[in-house]
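So the structure is just underneath, and the comments pick up after that.
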Amino acid sequence: MPIFNYRARDGAGLAVAGTLEATGLDIARMRLGEMGYIPVFLKEGKAGKSGFSLNFLKPKVKDKDIIVFNRQLATLFSAGIPLLSGIQGLAEQMQNKTFKEILLKVSADIQTGSSFSDALAKHPKVFSELYINMVRAGEASGTLDDILGRLASLAEHAAEIKAKIKAATRYPKIVISAMLIAILILMKFVVPNFMAIFEQVDLELPLATRMLIEANRLFTNYWYALFVGVGALFFAFKTYTKTYRGHRQLDLLKLKVPVFGPIFLKIAMSVFTRTMSTLNRSGLSIVENLKICAEVVENIPISEVINDIEQGVKRGESVTATIKKSNFFTPMVVQMMSAGEESGELDSMLVKVSEYYDMEVDYSIKNIASLIEPILLAFLGAVVLFLMLAIFLPMWDLTKLAERG
Numbered sequence: 155m156p157i158f159n160y161r162a163r164d165g166a167g168l169a170v171a172g173t174l175e176a177t178g179l180d181i182a183r184m185r186l187g188e189m190g191y192i193p194v195f196l197k198e199g200k201a202g203k204s205g206f207s208l209n210f211l212k213p214k215v216k217d218k219d220i221i222v223f224n225r226q227l228a229t230l231f232s233a234g235i236p237l238l239s240g241i242q243g244l245a246e247q248m249q250n251k252t253f254k255e256i257l258l259k260v261s262a263d264i265q266t267g268s269s270f271s272d273a274l275a276k277h278p279k280v281f282s283e284l285y286i287n288m289v290r291a292g293e294a295s296g297t298l299d300d301i302l303g304r305l306a307s308l309a310e311h312a313a314e315i316k317a318k319i320k321a322a323t324r325y326p327k328i329v330i331s332a333m334l335i336a337i338l339i340l341m342k343f344v345v346p347n348f349m350a351i352f353e354q355v356d357l358e359l360p361l362a363t364r365m366l367i368e369a370n371r372l373f374t375n376y377w378y379a380l381f382v383g384v385g386a387l388f389f390a391f392k393t394y395t396k397t398y399r400g401h402r403q404l405d406l407l408k409l410k411v412p413v414f415g416p417i418f419l420k421i422a423m424s425v426f427t428r429t430m431s432t433l434n435r436s437g438l439s440i441v442e443n444l445k446i447c448a449e450v451v452e453n454i455p456i457s458e459v460i461n462d463i464e465q466g467v468k469r470g471e472s473v474t475a476t477i478k479k480s481n482f483f484t485p486m487v488v489q490m491m492s493a494g495e496e497s498g499e500l501d502s503m504l505v506k507v508s509e510y511y512d513m514e515v516d517y518s519i520k521n522i523a524s525l526i527e528p529i530l531l532a533f534l535g536a537v538v539l540f541l542m543l544a545i546f547l548p549m550w551d552l553t554k555l556a557e558r559g
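Taking the numbering used here, I'd label the letters of the sequence shown as residues 155 to 559.
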């Protein structure tokens, strides 16, 4: 997600500066407002540095840490333990030092008069916009313990989704890596032996063999340049995809890639419908819900569509009427949301859609090996065929030459 550098004024007029992550400039400006800041400067870029920092050595706050914190704080709060005491107690027990420091800062802000949601908003890299807005809704409605429980459930669902994405891509990564290693071994140890034989005879070599000889020569003499080139391309790719435009194109590509595209779309539909249902039950307005969902789906093209839906709702259109104009939302989502709006059971309909897509994702991942195996086997077959032609065709010619001699 793009990073934005900002300079702003807080409620007391003091200057503050920092970085935050957001899908776009408008979202970044909105998040600064929710933090109580008036932006003076806001621009997309890399996080600024002030001297040498060892922050990269600090342990990251994991999803598991936040899930456990939510569950424990909800239990303590519902048992009558004051919010501040609960946060301080959990901070002292926290094994993750980074999260412990953040919780202590949150408790210190609450002691100085900040609300829980405002204190959380100062740590956007740990607490998402969804998290902050739901806590704010829980504070307003007096149902903070229930909200924390729902947040834990959502975080668990998000962790499951991440695990499913890793599972979906693990098999092809292993196979492709093994193929590349095998090709490198052939180029380093096997091919040179044959090339030495072919170069000693006066024989017109086939095109495949000449290509293999040239590839082996480049690999042997310029391997360092090849590695530097690959590294430079990888760095350029990572740098480009950190920009809004590059990130958007990558997200769009994910949705169009054969085999994996439909899985990523189903995951996005599951996240959208489950989050929308949870937010509706939390008492937030439909416009606020859509703003948050646009962030949560973590896919810029789909986020843009959700932002368009939000604008349509502001104009007085129904959610379903606006969704129908989109190319991303599946007919099932449209039909179920339409039925939910008409019956007044939108929350339960959204949960059913999410559960359906969860099952679809599970099924797709279980069958991904059978779907991708033909593609990988075709590629492997092409590589093996090329190597066989390059090596055995001249060997065949050598044999016939020896028979004639």
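The beta-carbon is built from N, C-alpha and C at its ideal position, and this holds for glycine as well.
Asked	Found
Per-residue DSSP class, three states only, for VAL538	helix
For LEU174, the residue or residues it bridges with in DSSP	PHE158
Secondary structure, alpha helix (DSSP H): runs of 4+ residues fully inside the stretch 427-501	440-450, 454-468, 473-477, 485-497
6 Å CB neighbourhood of VAL413 in its chain, flanking five on each side removed	LEU525, ILE526
Integer-rounded CB distance, given that ASN434 should sit under 8 Å from ASP501	5 Å
Uninterrupted alpha helix (DSSP H) stretches inside the stretch 230-269 (no shorter than 4 residues)	237-247, 251-265
Beta bridge counterpart(s) of GLU198 as assigned by DSSP	PHE158
Beta-bridge partners of ILE221, as assigned by DSSP	Answer is none; ILE221 lacks a bridge partner.
Boundaries (first-last residue) of the alpha helix (DSSP H) holding VAL355	Premise fails: VAL355 is in no alpha helix (DSSP H) and is neither H nor E.
As assigned by DSSP and simplified to three states, the class of PRO193	strand
Reference ALA306, options GLU353, LYS218, LEU179, closest by Cα	LYS218
C-beta atoms of GLY234 and SER436 nearer than 8 Å	no
Cα-Cα separation, GLY202 to LEU237	The pLDDT assigned to GLY202 is 42, lower than 50, so where the model puts this residue is not dependable, and the model offers no usable value.
Segment limits, alpha helix (DSSP H) that includes MET365	361-375
6 Å CB neighbourhood of TYR511 in its chain, flanking five on each side removed	LYS420, MET423, SER424
VAL260 beta carbon less than 8 Å from that of ILE286	no
Those residues which DSSP pairs with ALA169 across a bridge	ARG163
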